[in-house]
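Read the structure below first, then the notes.
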DNA sequence: GGTAGCTATTGAGCTCGTCTATAGTCGGGG
DNA sequence: CCCCGACTATAGACGAGCTCAATAGCTACC
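Protein chains in written order, with this note's numbering: chain S, 1 to 301; chain A, 302 to 602.
So this is what it looks like as structure tokens:
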């Protein structure tokens, strides 16, 4: 037979009181029970743990050696229970988050920084990937949360809307249209030279669809693979680009130019696997994201 | 309810296999049993430990946190069982030994050195005290073993004879009787000047009794409180002393002079508390002491 | 030698861990 | 679209063993 926690607790009590009767009282069991269980433990370990012949019960050498480890084991279990509470407190945990690339520019930064500031004990794994990949990884449980656009999701994916993202034409200080008086008719877009994200970005496809619908063929002067690159380019060159309004808010030197008609807006959603379980960290991040969206909607609308 | 070791083992198995059925097979229990026990553990801890909704079972944050401590606790218990075996192997342990003062000179040194060399993992506490004190401390369980003389012991003390110690007159190189031809009649002792242990030593009382029985009154020139002091004094001064033969064997510059009749010999015994339990260390020390006595008797007799 | 204070033993009772059988759930394939 | 296979959850019965009260056995002390 193997020792059980009961045996450890009983042994420690007897060792502490040097007395079976007293220990039994503290443990709220009868003294015969205690005698039997200690004997059982001794049999399980194959050694005498207590010297009962002296006036007061004393640990044998084997007993002292074992008691040390027994105490340690019980301490570990207590620590484990505290650790579990810590997780509930969000003072521990881990969150695997993925976003589609455009969000890195204006959403991931502030959101993750805020979350980390509130819950420094939760480790974060943030990565960029395509929306398809995000959904697949959520289903395979390689991710906890994703941020992407509303649309047709894979079965098993749960999507909750966060906010509405609107795209707009954006120019920098060196652009001749910097002080354009009113909304720019879409037909005039053909006159502009643009810097845009590459075609493998969902945002780019969204923009291309808009152009196609209005039969406009703008001149693409530059293609880049990050929003950051675009803002840098537009700040320094007389080019226009198309960016989420939120990005423009963060860059005072960028000027939004309304289009007529406006680009269709997209709904940004929080994605997760449909499941009964959601980690405390994931729930908390969801709340922070919703809060962020609320304040974002206020400033942008 | 509190978590039991069973719960820990079950949880670790499920976490490892990421599958209840497989884990149940390894644990040799039925799958329903495993489900029930894991659920019980989760209830005890107040958190969900496993995420059962994914394709493969996965630990939740709380689960990973707890598993860490569970592993640690089980490791501690395994270490405890090894430690217990170590004690049986004499690779751990502790021994509290007391000797009456004269033994320190020739017996404690070699015996303890030998024992320590064989069992370096056993810590030793060696002290000198009077025989009465040794027996009292044995009964109060403040000592494991004592070395003293046979005689009337306190009730509850168990004595096992080790060897017979004979005392003899001893002179150093500067003593005129250094080349004494034969045994020295006791009556002639009155001519000698002696260096002896002080009166509170059992050995001194033993010697005084011998003198009294033979109506001799030797001249005590020096009284010392250690055998070491006596050997040093006799080596350098033209004085005689009375020492155990074994001491003389260890000092080539000391010469034993037989007395006629010889001093009564005393039996050296190993003392311990009468009890069913004796530590492995104490048993081992007893054996080493008996061995030492055997070889000692050969060289001296 | 009797008594007080402990621990060990005994036999009955009942909790609870375990089992078998079965229902519920989720994906994947025809 | 429904069935099938793999897996986990639930239900009820059984039995091992923990626990208890009563008591015997032991040791020290007066």
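The beta carbon of each residue, even a glycine, is placed where N, CA and C say it ideally should be.
Exposed or buried, what is residue i when buried is set at 16 or more other beta-carbons lying within 10 Å of its beta-carbon?
i             : result
residue 489/A : exposed
residue 96/S  : buried
residue 403/A : buried
residue 16/S  : exposed
residue 349/A : buried
residue 93/S  : buried
residue 214/S : exposed
Would a C-beta distance cut-off of 9 Å place residue i and residue j closer than the cut-off?
i             : j             : result
residue 69/S  : residue 377/A : yes
residue 374/A : residue 84/S  : no
residue 192/S : residue 271/S : no
residue 563/A : residue 464/A : no
residue 570/A : residue 460/A : yes
residue 145/S : residue 119/S : no
residue 202/S : residue 131/S : yes
residue 239/S : residue 290/S : no
residue 134/S : residue 124/S : no
residue 150/S : residue 274/S : no
residue 528/A : residue 498/A : yes
residue 231/S : residue 243/S : yes
residue 308/A : residue 358/A : no
residue 55/S  : residue 442/A : yes
Give the interface partners of residue i over in chain S, defined as CB-CB distance under 7 Å, in chain order.
i             : result
residue 476/A : Per Cβ cutoff of 7 Å: no residues; residue 476/A is ~49 Å from chain S at best.
residue 382/A : 45
residue 370/A : 76, 77, 79, 80 and 83
residue 373/A : 76
residue 578/A : 48, 51, 53 and 60
residue 581/A : 61
residue 460/A : Those do not exist, as residue 460/A stays about 17 Å from chain S at its closest Cβ, beyond 7 Å.
Note down, in chain order, every chain A residue with its Cβ under 9 Å from the Cβ of residue i.
i            : result
residue 89/S : Residues of chain A passing the Cβ test: none, with the nearest at roughly 11 Å.
residue 55/S : 440, 441 and 442
Quick check on DSSP: helix, strand or coil for residue i?
i             : result
residue 448/A : strand
residue 163/S : strand
residue 541/A : strand
residue 313/A : helix
residue 57/S  : coil
residue 485/A : strand
residue 96/S  : strand
residue 589/A : helix
residue 387/A : helix
residue 156/S : coil
residue 1/S   : coil
residue 413/A : helix
At a CB-CB cut-off below 8 Å, which residues of chain A make contact with residue i?
i            : result
residue 93/S : 362
What residue does the alpha helix (DSSP H) around residue i start on, and which one ends it?
i             : result
residue 196/S : Unbroken run through residue 196/S is the beta strand (DSSP E), 193-197; no alpha helix (DSSP H).
residue 249/S : 245-250
residue 433/A : 432-440
residue 506/A : 503-514
residue 175/S : Per DSSP, residue 175/S belongs to no alpha helix (DSSP H) and is neither H nor E.
residue 326/A : 321-328
residue 524/A : Run containing residue 524/A: none in the alpha helix (DSSP H); it sits in the beta strand (DSSP E), 520-525.
residue 420/A : Looking at the DSSP string, residue 420/A is not in any alpha helix (DSSP H), and its letter there is neither H nor E.
residue 34/S  : 31-45
Start and end of the beta strand (DSSP E) containing residue i?
i             : result
residue 256/S : 255-257
residue 571/A : 567-574
residue 128/S : 122-128
If the cut is a Cβ gap below 7 Å, which residues of chain A does residue i touch?
i             : result
residue 135/S : Simply none; closest approach about 14 Å.
List the residues of chain S whose Cβ lies closer than 9 Å to the Cβ of residue i, in chain order.
i             : result
residue 305/A : 4, 5 and 6
In chain S, which residues lie with their C-beta within 8 Å of the C-beta of residue i?
i             : result
residue 366/A : 80, 83, 84, 86, 87 and 92
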